[in-house]
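Going down the list, the sequences are from chains A and B. Throughout the first sequence, residue numbering follows this note's numbering, covering 1317 to 1641 in sequence. Throughout the second sequence, residue numbering follows this note's numbering, covering 2 to 677 in sequence. Each residue gets a CB set at the ideal place from its N, CA and C atoms; glycine is no exception.
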Amino acid sequence: MLAYILRRLLYALPILIGVNLLTFALFFVVNTPDDMARLQLGVKHVTPEAIQKWKAERGYDRPLFWNPAAGGLQQLSDTIFFDKSARMFVGDFGQAEDGRDIAREITSRMGPSLAIALPTFVLGLFVTISLALILAFFRATALDFWGVVACVGLMSISSLFYIIGGQYLVAKVWQLVPISGFGEGLDAWRFLVLPVLIGVVGGIGSSTRWYRTIFLEEVGKDYVRTARAKGLPETLVFFRHILKNAMIPILTGVVVVIPLLFMGSLLTESFFGIPGLGSYTIDAINAQDFAVVRSMVFIGSVLYIAGLILTDISYTLVDPRIRFE
Amino acid sequence: MPSIPDTNDALLTVQGLSLAIRRGRAHTPAVAGLDFSLRAGETLALVGESGCGKSLTAQALMRLLPPAIRVTAGQVRFQGRELLNLPEAAMRELRGRGMGMIFQEPATSLNPVLTVGQQIGEVLVRHLGLQGRAVRERAEALLQQVGIADPARRLDEYPFQLSGGMKQRVMIAMALAGEPSLLIADEPSTALDVTVQSQILDLLQELQARRGMALLLITHDLGVVARMAHRVGVMYAGQLVELASRDAFFQEARHPYSRALFAALPEAVPRGARLQALAGQVPAFAAMPKACRFAERCDRVQSLCREQAPLLTPLAGNPENQVRCHFPGSGSFLAAAAGPGAGSPTFGPALLEVSGLQVHFPIRKGILQRVRGQVRAVDGVSLELAPGRTLALVGESGCGKTTVGKALMQLLPLTAGSVRWQGQALAGQGGKDRSWRRRMQMVFQDPFASLNPRMTVGDILLEGMQALGVVTDAAAGRAASAALLEQVGLQGDSLDRYPHEFSGGQRQRIAIARALAVSPQVLICDEPTSALDVSVQAQILNLLKDLQERLQMAYLFITHNFAVVEYLAHEVAVMYLGRVVERGSTARVLAAPAHPYTEVLLSAVPRLDGRGRPIALAGETPSPAAPPAGCHFHPRCPRAVALCRERYPDLLPLADGRQVACHLPAASAVQLDGEG
Chain A
1317 MLAYILRRLL YALPILIGVN LLTFALFFVV NTPDDMARLQ LGVKHVTPEA IQKWKAERGY
1377 DRPLFWNPAA GGLQQLSDTI FFDKSARMFV GDFGQAEDGR DIAREITSRM GPSLAIALPT
1437 FVLGLFVTIS LALILAFFRA TALDFWGVVA CVGLMSISSL FYIIGGQYLV AKVWQLVPIS
1497 GFGEGLDAWR FLVLPVLIGV VGGIGSSTRW YRTIFLEEVG KDYVRTARAK GLPETLVFFR
1557 HILKNAMIPI LTGVVVVIPL LFMGSLLTES FFGIPGLGSY TIDAINAQDF AVVRSMVFIG
1617 SVLYIAGLIL TDISYTLVDP RIRFE
Chain B
2 MPSIPDTNDA LLTVQGLSLA IRRGRAHTPA VAGLDFSLRA GETLALVGES GCGKSLTAQA
62 LMRLLPPAIR VTAGQVRFQG RELLNLPEAA MRELRGRGMG MIFQEPATSL NPVLTVGQQI
122 GEVLVRHLGL QGRAVRERAE ALLQQVGIAD PARRLDEYPF QLSGGMKQRV MIAMALAGEP
182 SLLIADEPST ALDVTVQSQI LDLLQELQAR RGMALLLITH DLGVVARMAH RVGVMYAGQL
242 VELASRDAFF QEARHPYSRA LFAALPEAVP RGARLQALAG QVPAFAAMPK ACRFAERCDR
302 VQSLCREQAP LLTPLAGNPE NQVRCHFPGS GSFLAAAAGP GAGSPTFGPA LLEVSGLQVH
362 FPIRKGILQR VRGQVRAVDG VSLELAPGRT LALVGESGCG KTTVGKALMQ LLPLTAGSVR
422 WQGQALAGQG GKDRSWRRRM QMVFQDPFAS LNPRMTVGDI LLEGMQALGV VTDAAAGRAA
482 SAALLEQVGL QGDSLDRYPH EFSGGQRQRI AIARALAVSP QVLICDEPTS ALDVSVQAQI
542 LNLLKDLQER LQMAYLFITH NFAVVEYLAH EVAVMYLGRV VERGSTARVL AAPAHPYTEV
602 LLSAVPRLDG RGRPIALAGE TPSPAAPPAG CHFHPRCPRA VALCRERYPD LLPLADGRQV
662 ACHLPAASAV QLDGEG
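Written out as structure tokens, the structure is:
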């Protein structure tokens, strides 16, 4: 088991290096520092001198991989790749356009992002699994039919509609919570209720339908017939036999997104004015702040890899067939 | 055979039970007017081919029918209570308590994520009201009772950690946990190897005798019926066509369908005779004839049979025995099956010589996935195939027989060994020479899975011919394909149809045609009939025999079915843990096996006359990753001595030409040897 986890972590190393190289290529080879400077300076101020100055201020005037002008190890370290990309491995993301330290910004914005993403995730999982269980329990009845119709309806509505509609109804018409903003400490809950609620409702359609399919697939299996032949009541058949088997595909399907919860949600955070990582990313994209966008792309990839490793590990935890191999 | 307690009170009475399949608003009758009863301590076997409604009947008794199937009429009385209108809650009380059920496929019928202890325990909690430690103790006792060694440890294991036989024992323990008075066993041993099947049947018989349970045994295997049943019910197309005591049934089955079933069995037919394959197919439920349902396939059919439906009528002199036929047959059916013996086949020089064939699979472990051991799937097998001859490769699952076939086809790389074709060496180790496949082709076990469902029959046949360059233009390919279908007894117009439009037997014919497409000289058949019903099996075996006579092909026939071996094979090689333990002419080996494992295997096959006691085989087949030192069979061998633990015996010839890898071959075989 431990050997297995260690092996998975070892496999992740070359992938991380590959991700780092790809991100680098995307931001510095495809989109050269000169292009960045032009975009940042704006059409009016672009002169060769201004571009040179902009690059020099940010250290983009150096060679990409290899600096023959420098001596010793500096030939490697005094380059754009080492300074801007390789150092991301140790959590050094450099500075944003406004001069602030990106790493510090990220740590302070993680909290608000998690405050929304975590409750949305946990609550959403609970609600959709419960709904899917109900639909599967009453399979092939009118409840099941109309439930699936409702799910398809919910899926078909844009998430923007949920956000704007929710803000209009709950915050503006009923005035139950503020439309947007964020507070410190325990006071924050008033600002969190609406985005969490909307996040949960927006996910009901697709997740419920998916989980229902998983449950129904299990219902048809032979071991369920065996359980019924024992004379077990239907509730026990569902909660002991079917749920436990269906949780294997469900859990492993959702574990992959757990690390990504840190990243927050781009849409929700910017609409509700939450100072999290999602709105940070959106703002950086709008401001064409490449240092920040680059950092977020890299962190997103790393978290995704972490999610995949967690998925593999969670398989071994919930499925005895894999645990004992 | 335990005697039935002398009581006239039926435990279970089924009257006029009818089931229908619902499709939209239409109901198609599936099972029609079933009548039978069962007393305590009695075994009734329900026999029939797939789709005859025997499993549906069992599920209807438990009221566990799939949602699309409805009971349309009839009564089921169990212990004096009418089951069909019992409230669901009362029915649940009865399931597992009054009647227990064992299912066919132990691998999928157990919950994969619950431990054995939990699965047995929940019956004890539900029906016997046991709590806490008592549950575990009783579960342990139950496992002990069904013959599982080290039950305390097994309780905490998951089903995937158990072998197939052990899983079925756990299923039986579960069914017995509620101490039912009726046990319904739906093909309880079909998915198991013969030696394991023999153990399971013994166990069921012993438990039945001890507890006085009634047993409703659903099976398609007449050998199992002969061994287990007191009475036999034969089902055809949703009807009970014959109901008789076991002795009466096996001496003189009366219904033409029952008689046809016997005639289709390789073990019931004299050696060399042709199997009597039933013509046509079971009518579809939607297009069921109004009169006799068997009329279209019956060899005794008369005009009355097409006009008036026969009733299940008691026979004169013995009202216990009933038959649904206007003109029941009489006399021993075996005589009717006798036919001309096959001529002695020609004997040529070996076409294919395999020597020292090894196929090992590496076991990788640890962080760096280094090779830590080898699974010796095939560990030194030598054999020869001659034109027009059939060599049967026999053994239980995991013995490596299928791996031999795949390795010969170059579907798996060889670890060691040489293969010579007419004296010339074919590509050696790990070769990927596809030209082998023009000379050798393979027919696979399951025709439902081995044909691509998205390709037409024509494309399936053409693909192989084009890949190996047998034909180049489409028109010639089409003509060749049509001729192939003709050869295997299918209409030429089947070319543009898809595999799902054909029955199992027809699909296996297509699979054979596909193999024949490149005119191979060697045909490797991997259990080609084990997924088929007996009457269909007879058709396929006859076809294979005809093709061999006509085309002088050499067959390597991989199977676990000794009746098929006896019918088809000239020579037989018995495999155990990757090695051949005995090899020789079929007649010699089957009449007087020399290796103790061959003896055990042969004794475990249920015989139609119900006689012969199986030799008990201790333990389970060891893992081919760590075979026992010395002779691989010695830990389970009744004759093992010190030498067997030390040295693996060489494959040495006896005087009659057969070869045996045993330090102490059976005296009877050696004696025979001395005479011959």
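Just verifying my parser: in three-state terms, what is the DSSP assignment at residue i?
i          : result
B:Thr-347  : Any reading at B:Thr-347 is ruled out, since the residue's pLDDT is 45, under 50, leaving its predicted position unreliable.
B:Gly-432  : Legend: pLDDT at B:Gly-432 = 49, less than 50; position of this residue unreliable, value from coordinates given subsequently. In this structure, B:Gly-432 counts as coil in the three-state DSSP scheme.
B:Cys-526  : strand
B:Glu-43   : coil
B:Arg-23   : strand
B:Arg-584  : strand
A:Asn-1602 : helix
A:Ile-1473 : coil
B:Ile-149  : coil
B:Asp-7    : Below a pLDDT of 50, predicted positions are generally treated as unreliable, and B:Asp-7, at 48, falls in that range; the measurement from the model is reported next regardless. B:Asp-7: coil per DSSP, three-state reduction.
A:Ala-1341 : helix
B:Trp-422  : strand
B:Val-72   : strand
A:Thr-1584 : helix
As a quick exercise: from the options, pick the residue whose alpha carbon is nearest that of residue i.
i          : options                                        : result
B:Pro-320  : B:Val-114, B:Val-458, B:Glu-253, B:Ser-246     : B:Ser-246
B:Met-576  : B:Leu-394, B:Asp-10, B:Gln-145                 : B:Leu-394
A:Phe-1453 : A:Leu-1532, A:Val-1486, A:Phe-1409, A:Leu-1389 : A:Leu-1532
A:Gly-1407 : A:Glu-1421, A:Tyr-1527, A:Ile-1396, A:Thr-1395 : A:Glu-1421
B:Ile-1    : B:Leu-35, B:Ala-69, B:Leu-13                   : Past the edges of chain B, shown from 2 to 677, lies residue 1 of chain B, and the structure says nothing about it.
B:Ile-511  : B:Leu-409, B:Phe-563, B:Asn-543, B:Pro-448     : B:Pro-448
B:Met-100  : B:Arg-139, B:Ala-41, B:Pro-113, B:Leu-156      : B:Ala-41
B:Gln-442  : B:Phe-251, B:Leu-618, B:Gly-213, B:Gly-406     : B:Gly-406
Would residue i pass as an interface residue toward chain B - the criterion being a Cβ-Cβ separation below 8 Å?
i          : result
A:Leu-1332 : no
A:Lys-1546 : yes
A:Arg-1637 : yes
A:Val-1327 : It is Tyr, not Val, that sits at residue 1327 of chain A in the sequence shown. No, no contact with chain B.
A:Ala-1319 : yes
A:Tyr-1539 : yes
A:Thr-1542 : yes
A:His-1557 : yes
A:Pro-1511 : no
A:Thr-1632 : no
A:Ile-1625 : no
For chain A, is any of its Cβ atoms less than 8 Å away from the one on residue i?
i         : result
B:Asn-112 : yes
B:Pro-68  : yes
B:Thr-8   : Residue placement at B:Thr-8 is flagged as unreliable, the pLDDT there being 49, under the threshold of 50; the coordinate-derived value follows with that caveat. False, the Cβ-Cβ gap to chain A never drops below 8 Å.
B:Ala-21  : no
B:Phe-161 : yes
B:Arg-96  : yes
B:Ala-514 : no
B:His-28  : no
B:Gly-367 : yes
Could you name the residues that DSSP lists as bridge partners for residue i?
i          : result
B:Gln-375  : B:Pro-363
A:Arg-1541 : BP columns for A:Arg-1541 are empty, so no partner.
B:Ala-215  : B:Leu-183
B:Glu-243  : B:Val-235, B:Val-324
B:Met-443  : B:Ile-525
B:Val-32   : B:Leu-20
B:Ile-103  : B:Ala-186
B:Met-576  : B:Val-581
Would you grab the beta carbon distance between residue i and residue j for me? Rounded to a whole angstrom, and I think it's under 8 Å.
i          : j          : result
B:Leu-216  : B:Leu-184  : 5 Å
B:Cys-53   : B:Ala-238  : 6 Å
A:Ala-1545 : A:His-1557 : Actually they are not in contact, since the Cβ atoms of A:Ala-1545 and A:His-1557 sit about 12 Å apart, beyond 8 Å.
A:Lys-1560 : B:Val-114  : 5 Å
Following a CB-centred definition, is residue i positioned closer than 7 Å to any heavy atom of the ligand GDP?
i         : result
B:Arg-127 : You won't find the ligand GDP in this model; it holds no ligand whatsoever.
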